[in-house]
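**Student:**
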Amino acid sequence: MKILVTGGAGFIGSNLVDQLIEEGHRVAVVDDLSTGKEENIHKKAEFYNIDICDAKSLEEVFKQIKPEIVNHHAAHANVRKSVETPVYDANINILGSLNLCQLSNKYRVKKFIYASTGGAVYGEPKQLPANESTPPEPLSHYGVSKHTVEHYLHVFHKLYDLNVTILRYPNVYGPRQSPHGEAGVVAIFSELMLQNKQPTIFGDGSKTRDYVYVDDIVKANIAVLGDIGNGEIYNLGWGKEISDMEVFLAVRRALRKDIEPILGQKRHGEVDHISLDHSKARREIKWSPEVTFEEGVKKATQYYAKLAKAEELCGAAKV
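For the sequence shown, this note's numbering begins at 32 and goes up steadily by one.
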């Protein structure tokens, strides 16, 4: 199939593109490289350096490749910055997504898969793990913008019969996650500890998230490629809470370091506790996470250690 992946130079998107090409699909990537890296893009993918807010350029891509499936990962995903600059966040996450919705309808795309966020959409649920019936009460502009697009997609599905599947992600981690953003604590902690620096935990370390390894998230996206999950929302998660301190200790064990964290002030817009019930995904799309947290952290830290070694050798070669 011909598949257009937005955000395909980013962490999750590029891992997905690799698997799609491995399975024989023709893949086009749209990414403005604001956070993604061109080196992440599979050499067999067609790459378009385009901002999803640029509707005219985006339409040229649709005309050229005529995608059968759109998998939408491009987003402004910085929770803290979304609180500081909500208009910037909305322009990308809402208006950019609307461009894709309209073009997908105009060019009769067979399926639109949307990467949403369970971590930010639900806010602070009264009961955990949250399921798809849990009322969304986002605490950040990022959560609001992602949830708003879900509503638009529901309308496109109802009014125009655009087949839509929404995947609400937990905290995803693994290879290619940037250690330089505000999210991705496994990546951030790994890079700092490899430099023998103390990572900062914002809060007292008791804040919890549901962590799923990127390969499992890719499998969920593959699972809904066909005529399955149309008009549905699926939570992806273990349904287990892991605290910031537990993440820190797991990374420290994997890297065999003797480093203590710095405890900083909790950041605005961040929820205290979240985990996602994936029972519906297990029943309907036959998806469940497989990579345990300890196993995933081990794989991730090996990746960052290898990167650090390569950078060290590169630096030494330049001297």
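For every residue, glycine included, the Cβ atom is placed at its ideal position computed from N, Cα and C.
Computed from a predicted model, the values in this text were never measured in an experiment.
Nearest to P230 by alpha carbon, out of V255, P292 and D241?
**Tutor:** Of the listed residues, the one whose Cα sits closest to P230 is P292.
**Student:** Across the stretch 268–276 and the stretch 241–256, are there enough close Cβ pairs to call them in contact, namely three or more that are closer than 8 Å?
**Tutor:** At 8 Å Cβ cutoff, the stretches touch.
**Student:** Near L134, which residues of its chain fall below 7 Å by C-beta distance, leaving aside the five closest residues on each side in sequence?
**Tutor:** Contacts found: L89, E90 and F93.
**Student:** Taking the Cβ atom as the reference point for each residue, do T6 and I123 lie within a distance shorter than 7 Å?
**Tutor:** As shown, the chain starts at 32 and ends at 350. That puts residue 6 outside it, with no answer to give.
**Student:** Would the stretch 146–155 and the stretch 193–210 be scored as touching if the rule is three or more Cβ pairs under 8 Å?
**Tutor:** Result yes; three or more Cβ-Cβ pairs closer than 8 Å.
**Student:** Relative to the C-alpha of V302, which residue among P156, I100, E277 and I96 is closest?
**Tutor:** Here the closest residue by C-alpha is P156.
**Student:** Determine the DSSP secondary structure at L126, reduced to helix, strand or coil.
**Tutor:** Helix, per DSSP.
**Student:** Determine the contact status of G215 and Q208, defining contact as a CB-CB distance below 7 Å.
**Tutor:** Yes, these two residues count as a Cβ contact at 7 Å.
**Student:** Taking C-alpha atoms, which residue in N266, E325 and G295 lies nearest to R314?
**Tutor:** Measuring from the Cα of R314, the nearest candidate turns out to be N266.
**Student:** Excluding the five sequence neighbours on either side, which residues of its own chain have a C-beta within less than 7 Å of the C-beta of K141, listed in chain order?
**Tutor:** Around K141: E99, I100 and N194.
**Student:** Looking only at its chain, what residues have a beta carbon closer than 8 Å to the beta carbon of C84, apart from the 5 residues adjacent to it on each side?
**Tutor:** Around C84: N122, I123, L126, G127 and N130.
**Student:** From K177 to I305, what does the alpha carbon distance come to, in whole angstroms?
**Tutor:** Each residue's Cα considered, the two are about 17 Å apart.
**Student:** In this structure, what does DSSP give as the bridge partners for K33?
**Tutor:** DSSP, once it has assigned bridges, lists R57 as partnering K33.
**Student:** Compute the Euclidean distance between the alpha carbons of G39 and V48, then round it to the nearest angstrom.
**Tutor:** Going from the Cα of G39 to the Cα of V48 covers about 7 Å.
**Student:** Would I52 and H104 be called neighbours here (beta carbons separated by less than 7 Å)?
**Tutor:** Result no, Cβ atoms of I52 and H104 do not sit closer than 7 Å.
**Student:** May I ask you to report which of helix, strand or coil DSSP gives I253?
**Tutor:** Three-state result, I253: helix.
**Student:** Using beta-carbon positions only, say whether T332 and S221 come within less than 7 Å of one another.
**Tutor:** Yes. Within cutoff.
**Student:** Report the option in I248, F233 and F187 whose CA atom is closest to the CA atom of Y204.
**Tutor:** Here the closest residue by C-alpha is I248.
**Student:** Could you name the residues of the same chain whose beta carbon sits closer than 6 Å to that of H107, not counting the 5 residues immediately before and after it, in chain order?
**Tutor:** The answer, listed in chain order, is D120, I123 and N124.
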